[in-house]
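Trainee: Have a look at the structure that comes next, please.
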Amino acid sequence: MLKKLSIYIKQYKKYILLVPVFVFLDVLCELSMPLLMARIVDQGIPAGDMAFIIKTGIFMVMLALGAIFFGVLNMKFSTTGAIGFAANLRSALFEKVQKFSFNNIDKFSTASLVTRLTNDVNNLQVTFIMGLRLLTRAPMMLVIAFFLAYRINARLSIVLAIAIPVLVIGVLSIISQAVKRFSIMQEKIDNINRVIQENLIGIRVVKSFVRADHENTKFRNANDDFTNSAIRAISLAILNMPVMMFVMNAATIAIIWMGGKMVSTGIMGTGELISFISYIFQILFSVMMISMMIIMSARAEASSKRIIEVLDTDIDIVDNPEFALSATLEGNNPALVPAAGEQDCPQVTAGKVEFKKVDFKYSLTGSGEDVLRDVSFVAEPGQIVGIVGGTASGKSTLVNLIPRLYDATAGAVLVDGVDVRDYRLPDLREKIGVVLQTNTLFSGTIRENIMWGNEQATEEEVVTACKDAQAHDFIMSFPNGYDTVMGQGGVNVSGGQKQRLCIARAILKNPKILILDDSTSAVDMATEARIREAFYHNLADTTIFIIAQRISSVQDADKIIVLEDGCISGIGTHAELLQNNEIYREINSSQQEGVLGQ
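Heads up: the sequence shown runs through residues 6 to 603, numbered per my numbering.
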């Protein structure tokens, strides 16, 4: 496990290698002071030699300052290495998640991925900082202190030789049981994050339906579940302290009793006994540090397993190896470099889309049922293709196969005569504009959000795209116009405005294929008609797919596909389908009746 994560440490290897050096010097300074104290008590004080006492005292002060100096360096280098390691690991996780397909994301859930990128990485970072300091310091101090105690009095050291193994066995027995409980605790954190995320995303719905009490109960249950798991894990782990204190106190009592006899008989000096007891406490402190590290390591092990699970996940949508982009690392900046044979990479030039006997099913549904079955059609370059059908008929799934957000289970999806799986993903998606059902805007200005589609776009191109999407007028109604700062998720614009901004972003991309997945559902019919008119005049060479609930949104399309339960029920123009497709007629009639009823 550590081997898999060690690649993220290499950049900070020099810092990590220096830590044991400074720890060793720090430990030597600290453990030398009890010996000097013994010399003062046994030699300086009985002889009344003030010069010797002052000289030795000054040397002890210098050792104390040295211990502080080396301790600061130890802290500096261990912290730098640990924070750098966590930064590299967090970046690697984030980059991995960016490559995930929708299937991969569905496997973990968004809340779990957030926990792994934040809480789990932080657990490893804290453990790494403490580990670099304590796992080097504690063993050194334990071994050296035991050696020095042995040199002072071998007979008393036998007590320590018995106590330490008993202590280690007791601690390891407790910790081995705590590891499983910490793993469960991390899973409960996932659940808390999921509840919080769902609540914040749907806070308007919660308030509208007066469901705050229900949400509070749901969070309280998740929080109590986590609390109980945490108590079970930590209550077992903290048993270390009483077990450790019992063993070490028993050892200390035995040493004081035996040492007192030796002092009274002249076998051992008072200063030597004081030094020996000092080393007992140094050994006790070392065992405490090791015990604390084992507890932290138990939690870190649970976190590392969850992190490695993400890093080891096989991405099910990847580039064709023949044309894949290879990663290089320049300093701290990863860069993608085309593989050999770039001149042979297929490119989207016209925007023709063809489905050949396509089947698809979601890998996580567990039902084994196809969401799409035997879907075949052709969309010529520049055509507008409407897609209609009932709820859960497979409309969104169908268009998601074009940019490879999912891959077909059977059959083939072709763009310009080339299977989409044979394109490099950046080359394919660069030529496809998508406005999904869930409209997403990011923190930043309106201009920055729209230029996601084309970072090199001129001001004129941005304005033109917004005019085509019927967004320019409401943008200019804001005091800062295109420089208006958007709230997270676009909370300061309406649903219809958000949809139009997303359409403008997709248009600015100047795609060969444009997918609009129910993207005008919150726009009034007059505005929607103007948007469609702009498509006809300004995007004549773009193949456009329009998924809509309203027949009026697609009735002017060159071709309309009717889906029912994942199968194509009919293909044709509005007039043709009214004549020969019962499902289309029913949808149209129900909507016409609804309009007349109003």
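Ideal placement from N, C-alpha and C gives every residue a C-beta, glycine not left out. Being a predicted model, the structure only gives us computed values, none of them experimental.
Touching or not, the region 425-440 and the region 312-329, by the rule of three or more beta carbon pairs under 8 angstroms?
Mentor: With a cut-off of 8 angstroms, the region 312-329 and the region 425-440 count as touching, because enough Cβ pairs lie within range.
Trainee: What is the DSSP secondary structure of Arg434, reduced to helix, strand or coil?
Mentor: DSSP places Arg434 in helix when its eight states are reduced to three.
Trainee: Within 10 Å of its beta-carbon, does Lys400 have 16 or more other beta-carbons around it, so buried, or fewer, so exposed?
Mentor: Buried, because 16 or more other Cβ atoms sit within 10 Å of the Cβ of Lys400.
Trainee: In the structure shown, what three-state DSSP assignment does Leu244 receive?
Mentor: Reduced to three states, the DSSP call for Leu244 is coil.
Trainee: Counting along the chain, where does the beta strand (DSSP E) carrying Gly575 start and finish?
Mentor: Taken as a continuous stretch (DSSP letters only), the beta strand (DSSP E) holding Gly575 covers Cys572 to Gly577.
Trainee: Please list the terminal residues of the continuous beta strand (DSSP E) segment that includes Ile604.
Mentor: Absent from the model: residue 604. The displayed extent of the chain is 6 to 603, so no value can be given.
Trainee: Alpha carbon to alpha carbon, how far is Leu33 from Tyr20? Give it in angstroms, no decimals.
Mentor: Those two C-alpha atoms are separated by around 21 angstroms.
Trainee: Using 8 angstroms for Cβ pairs, my map puts Asp570 next to Ile552. What's the rounded Cβ distance?
Mentor: With 8 angstroms as the limit, Asp570 and Ile552 do not qualify as a contact, their Cβ atoms being about 16 angstroms apart.
Trainee: Excluding sequence positions up to five away, which residues of its chain have a Cβ less than 7 angstroms from the Cβ of Asn79?
Mentor: For Asn79, where only same-chain residues beyond five positions count, the Cβ hits under 7 angstroms are Val24, Phe27, Val28, Asp31 and Arg138.
Trainee: Does Leu419 come out as helix, strand or coil in the three-state DSSP assignment?
Mentor: Residue state, collapsed to three classes: strand.
Trainee: Helix, strand or coil for Ile322? Go by DSSP, reduced to three states.
Mentor: Looking at Ile322 - three-state DSSP - the assignment turns out to be coil, as it is neither helix nor strand.
Trainee: Is the distance from the Cβ of Asp218 to the Cβ of Asn196 below 9 angstroms?
Mentor: Cβ distance not < 9 angstroms, so Asp218 and Asn196 don't count as in contact.
Trainee: Quick check on the DSSP output: the beta strand (DSSP E) that includes Thr548 runs from which residue to which?
Mentor: It spans Thr548 to Ile552 - the beta strand (DSSP E) in which Thr548 sits, taken as one unbroken run.
Trainee: What is the DSSP secondary structure of Lys366, reduced to helix, strand or coil?
Mentor: Here Lys366 sits in coil by DSSP.
Trainee: Once you ignore the five residues that flank Met145 on each side, which residues in its own chain have a CB closer than 7 angstroms to its CB?
Mentor: Only Val28, Phe29 and Val32 meet the Cβ criterion.
Trainee: Touch check for the region 530-544 and the region 461-477: three-plus C-beta pairs under 8 angstroms?
Mentor: In short, these stretches touch, since the Cβ pair count reaches three.
Trainee: Is it true that the CB of Thr548 sits closer than 9 angstroms to the CB of Gly356?
Mentor: It is a contact, given that the beta carbons lie within the stated cut-off.
Trainee: In or out: Asn226 buried (at least 16 other Cβ within 10 Å) or exposed?
Mentor: Exposed is the call here.
Trainee: Label Gly492 either buried or exposed according to how many other C-beta atoms from any shown protein chain fall within 10 Å of its C-beta, with 16 as the threshold for buried.
Mentor: With fewer than 16 other Cβ atoms within 10 Å, it is exposed.
Trainee: Using 9 angstroms as the threshold, is the C-beta distance between Ile320 and Phe105 below it?
Mentor: Yes, they are a contact pair.
Trainee: First and last residue of the beta strand (DSSP E) that includes Phe382?
Mentor: Unbroken beta strand (DSSP E) run through Phe382: Leu377 to Ala384.
Trainee: Let me know the secondary structure DSSP gives Leu41 once reduced to three states.
Mentor: Reduced to three states, the DSSP call for Leu41 is helix.
Trainee: In the DSSP assignment, find the unbroken alpha helix (DSSP H) run with Val559 in it and report its ends.
Mentor: Premise fails: Val559 is in no alpha helix (DSSP H) and is neither H nor E.
Trainee: Please report the distance separating the alpha-carbon of Ser283 from that of Ile59.
Mentor: Taking the straight line from one Cα to the other gives about 21 angstroms.
Trainee: Measure the alpha-carbon distance for Gly395 versus Asp375 and round it to whole angstroms.
Mentor: Distance between the alpha carbons of Gly395 and Asp375: 16 angstroms.
Trainee: Quick check on the burial criterion: 16 or more other C-beta atoms within 10 angstroms. Buried or exposed for Asp478?
Mentor: By the 10 Å Cβ count, Asp478 comes out exposed.
Trainee: Relative to the C-alpha of Val184, which residue among Ser302, Phe133 and Ala159 is closest?
Mentor: The residue with the shortest Cα to Cα distance from Val184 is Ser302.
Trainee: State buried or exposed for Glu533, treating a residue as buried only when at least 16 other CB atoms are found within 10 Å of its CB.
Mentor: Buried, by the Cβ-count rule.
Trainee: Just verifying my parser: in three-state terms, what is the DSSP assignment at Lys361?
Mentor: DSSP places Lys361 in strand when its eight states are reduced to three.
Trainee: First and last residue of the beta strand (DSSP E) that includes Val393?
Mentor: Element bounds for Val393: Ile389 to Gly394.
Trainee: Let me check understanding here. Comparing Cα to Cα, which of Asp111, Leu40 and Ser558 lies closest to Phe152?
Mentor: Nearest option by C-alpha distance: Leu40.
Trainee: On the three-pair Cβ rule with 8 angstroms, is the region 504-512 touching the region 448-460?
Mentor: With a cut-off of 8 angstroms, the region 448-460 and the region 504-512 count as touching, because enough Cβ pairs lie within range.
Trainee: List the DSSP bridge partners of Gly458.
Mentor: Answer is none; Gly458 lacks a bridge partner.
Trainee: Exposed or buried, which one is Gln584 when buried takes at least 16 other CB atoms within 10 Å?
Mentor: Flag for Gln584 reads exposed.
Trainee: Tell me which same chain residues have a C-beta within less than 6 angstroms of the C-beta of Ala384, skipping the five on either side of it?
Mentor: Cβ neighbours of Ala384 beyond the five flanking positions: Val358, Val390 and Thr548.
Trainee: Identify, in the order they occur along the chain, each residue of the same chain with its Cβ nearer than 6 angstroms to the Cβ of Asn338, setting aside the five sequence neighbours on each side.
Mentor: Here the model assigns Asn338 a pLDDT of 44, short of 50, so the residue's position is not dependable, and the following value carries that caveat. Here the set comprises nothing.
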